[in-house]
Every structure is written in C-alpha cells, then in structure tokens.
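The UniProt record's numbering applies: residue 416 is where the sequence shown begins, and numbers increase by one.
The beta-carbon is built from N, C-alpha and C at its ideal position, and this holds for glycine as well.
Quick caveat: nothing in here was measured; it's all calculated off a predicted structure.
For reference, the structure is listed below as structure tokens.
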Amino acid sequence: TKSTGRNGYHFFEASMNTNAHKQLQVIQDLRLALERKEFCLHYQPKFNTQDGVVIGAEALLRWQHPTRGMIAPDDFIALAEKTGLIVPIGEWVLDEACRQMRIWHDEGNKHWKVAVNLSAVQFSNDHLIERVQTTLARNGLPASGLMLEVTESTAMHDVEASLTILDKLANMGIDIAIDDFGTGYSSLLYLKRLPASELKIDRGFIHDLAQGSGNSSIVAAIVALGRTLNLRIVAEGVETEEQQEYLTMLGCDTLQGYLMGRPVAPDQFMNTIRAVVS
Ligand code: C2E
Ligand code: CA
Ligand code: CA
Ligand code: CA
Numbered sequence: 416t417k418s419t420g421r422n423g424y425h426f427f428e429a430s431m432n433t434n435a436h437k438q439l440q441v442i443q444d445l446r447l448a449l450e451r452k453e454f455c456l457h458y459q460p461k462f463n464t465q466d467g468v469v470i471g472a473e474a475l476l477r478w479q480h481p482t483r484g485m486i487a488p489d490d491f492i493a494l495a496e497k498t499g500l501i502v503p504i505g506e507w508v509l510d511e512a513c514r515q516m517r518i519w520h521d522e523g524n525k526h527w528k529v530a531v532n533l534s535a536v537q538f539s540n541d542h543l544i545e546r547v548q549t550t551l552a553r554n555g556l557p558a559s560g561l562m563l564e565v566t567e568s569t570a571m572h573d574v575e576a577s578l579t580i581l582d583k584l585a586n587m588g589i590d591i592a593i594d595d596f597g598t599g600y601s602s603l604l605y606l607k608r609l610p611a612s613e614l615k616i617d618r619g620f621i622h623d624l625a626q627g628s629g630n631s632s633i634v635a636a637i638v639a640l641g642r643t644l645n646l647r648i649v650a651e652g653v654e655t656e657e658q659q660e661y662l663t664m665l666g667c668d669t670l671q672g673y674l675m676g677r678p679v680a681p682d683q684f685m686n687t688i689r690a691v692v693s
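Pasting the structure below:
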C-alpha cells in the first residue's frame with residue numbers, strides 16, 4: 416500500500432527518532448566498550464606476490480557487542496571519530512597489535528610487520544608520535560615490525576602537516592602505507608615527498624578488474640607510478656584466482672584478500688596461512 420505524503424512524513428520522522436536513539440545507545444555502549452574489553456583484533460595476511468611468502472598482517476578492529484554480536488568497523492568508526500573515542504580506542508588497537516606481533520616475532524617470524532590503520536583524528540593528535548614510541552617500547556617490538564596505514568585522503572588533507580608527522584614516523588623506522596589509494600586526490604608532487612613505502616590500491620578497483628577494463632588500466636598506471644616512486648604496490652580485496660593472476664601479471668608486489676586469507680582471530684592465523692603457503 417502506498418503511504419500518503421503525510422503518512423510518509425510521519426513514518427520518516429519516527430524512523431529518524433529511532434535512528435537517533437539507536438545512535439545515542441551506540442555512543443553510550445562505545446564509551447564502555449574499552450573498559451568491558453569488548454574490542455578485539457582480527458588479522459589478515461599479506462603475501463609477497465613473487466614467492467607467496469607472508470610478509471605480515473593487517474590488524475582489523477572488531478567489536479564484540481554483548482547483545483548485538485560482532486560489529487564491523489564501518490558501523491562504528493565514524494561515530495568513534497565524531498565523539499573523539501577513536502583516540503583511546505586507537506591507542507588500544509596499536510598496543511594490542513604490537514603485543515601480538517611481538518609474540519609472532521618470538522615464534523620465529525621476525526620479518527613480519529603488523530599494519531595498523533590510523534584514522535584522520537588520531538593522525539592529527541599531538542601525542543601520536545610519543546604514543547607510538549612508548550607503545551613499541553612497552554611491547555618490545557622494533558619499529559621495523561610496525562606499519563601504519565593512513566588513507567590517501569587523510570594524508571592529502573593537509574599535506575605539509577602530514578609530511579611533518581610521516582617524516583617523524585619514518586625516521587623512527589616505521590613503514591608507512593597509503594591506504595585506499597586512487598579514491599582521493601593525490602598531488603603527485605606531494606606523493607613523491609611522502610616517506611611512504613607502500614601504496615594500497617583501493618578495493619573498488621580490484622573488485623571490477625577484468626582484462627581490458629578501465630580499472631585494469633588504472634591498476635597498471637598505479638603500478639607504473641609505484642615503480643617510479645619506489646613504492647611497493649599492494650592489491651587488497653583479492654577474491655578470485657583470476658584477479659590474483661592478473662594482478663601478479665600487472666606487477667603488484669603484495670596481495671591481500673579473501674582468496675588467500677580472511678581476517679581471523681590471532682589463534683587461527685597460523686592455520687589460515689598454512690593452508691595457503693603449503
Ligand atoms: P581498510 O583499511 O581498507 O581495510 C580493508 C577492509 O577490506 C577490511 O574490512 C577487510 O576485512 C576487507 N577485505 C579484505 N579482503 C577482502 C576481500 O577479498 N573482499 C572484500 N570484500 N573485503 C575484503 P573491515 O575489517 O570491515 O574494515 C573496514 C574499514 O574499517 C577498514 O578499511 C578501515 O578503514 C577501518 N578500520 C578497521 N580497523 C580499524 C582500526 O583499528 N582503526 C581505524 N581507525 N580504522 C579501522
Ligand atoms: Ca587499511
Ligand atoms: Ca584499504
Ligand atoms: Ca577504508
């Protein structure tokens with residue numbers, strides 16, 4: 416049945432209220448989530464394209480809500496940023512990721528890096544550098560065991576400020592990845608000056624990849640750009656063998672995606688990669 420404009424309006428209003436109410440509830444829950452230890456990290460392996468060796472893992476945040484179940488980051492990160500809660504949450508993420516990578520290093524995987532996502536709010540926080548330094552020290556993880564991922568739009572938002580922060584992190588020996596590359600508006604001049612070691616091609620380009628498609632030309636262009644600027648090119652969101660073969664042929668250095676391994680809890684990580692490597 417078609418609703419009248421009036422009913423439609425009322426319906427809309429009611430759903431707005433529920434949404435606003437829901438959002439408030441989520442904010443309240445978010446405030447308590449750290450205390451209640453409801454967050455956890457899942458890890459997704461990153462593979463070197465040439466020899467198939469694991470070079471590390473990306474740490475991805477999950478929220479185990481007591482009544483709503485597992486909540487994906489896209490459903491709460493924006494709220495966490497808006498409320499500033501992303502700063503303490505992000506500090507927890509960094510600490511937990513470093514703690515886990517130290518364990519994997521001790522188990523003999525000394526060359527692995529853990530990649531941690533930084534939101535724009537954390538990135539512009541005055542204490543970032545100091546926090547990163549103390550977190551590495553506390554966990555006994557060398558700076559070479561950490562990679563920080565910032566999105567292209569975060570890095571390009573205030574390029575001079577980004578350069579200052581990224582230079583400091585890079586000088587500490589931390590690797591920098593430019594995430595979601597191709598969705599922002601990079602100035603090539605600044606890109607050249609950024610002390611990054613990795614460009615991660617946005618998942619959207621990988622998803623619709625097919626020989627001769629527009630996206631395949633874009634991926635090829637990003638690979639060429641990476642060669643010129645001496646950056647490793649990472650393709651994420653690799654779901655099919657066709658994509659894997661094609662991205663390898665195009666010259667991507669690193670592959671990450673459901674095909675080779677979904678993000679998993681740390682205790683399942685070794686099983687996940689064993690299934691791929693052997
Ligand atoms: P991202 O940094 O671009 O992370 C990659 C996302 O792609 C992850 O989603 C991952 O699970 C997903 N993915 C990996 N392989 C595939 C694939 O083959 N197919 C498909 N369809 N997806 C794949 P996830 O874990 O839901 O995270 C979403 C976004 O949330 C991340 O995008 C990142 O922007 C943000 N995020 C996650 N963890 C953190 C965190 O600790 N801090 C901050 N600030 N942001 C985070
Ligand atoms: Ca990322
Ligand atoms: Ca990405
Ligand atoms: Ca993203």
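- Residues of the same chain with a CB within less than 7 Å of the CB of Leu-551, apart from the 5 flanking positions on each side, are Cys-513, Ala-558, Leu-561 in chain order.
- Counting every other CB atom within 10 Å of its CB across the protein chains shown gives Gln-659 a total of 16 or more, marking it as buried.
- In the three-state reduction of the DSSP assignment, Trp-478 falls in the strand class.
- At least one heavy atom of ligand 2 lies less than 8 Å from the C-beta of Lys-615.
- With a contact defined as Cβ atoms closer than 8 Å, Val-649 and Thr-669 qualify at about 4 Å.
- Ligand 1 approaches Gly-652 closely enough that one of its heavy atoms is under 8 Å from the residue's Cβ.
- Annotated three-state conformation of Phe-596 is strand, per DSSP.
- Distance from the C-beta of Asp-594 to the nearest heavy atom of ligand 2 is below 8 Å.
- Look at the stretch 578–625 and you find these whole runs of beta strand (DSSP E), each 3 residues long or longer: 590–596, 613–616.
- Taking Asn-432 as the centre and dropping the five residues before and after it, the same chain places no C-beta closer than 6 Å to its C-beta.
- With a threshold of 8 Å, the Cβ atom of Thr-566 counts as near ligand 1, since some heavy atom of the ligand is closer than that.
- The alpha helix (DSSP H) runs of length 4 or more contained entirely in the stretch 533–586 are, from start to end of the chain, 535–538, 543–554, 567–572, 574–586.
- In this structure, Ser-534 is the residue among Asp-617, Cys-667, Ser-534 with its C-alpha nearest to the C-alpha of Phe-491.
- Residues of the same chain with a CB within less than 8 Å of the CB of Asp-623, apart from the 5 flanking positions on each side, are Asn-630 in chain order.
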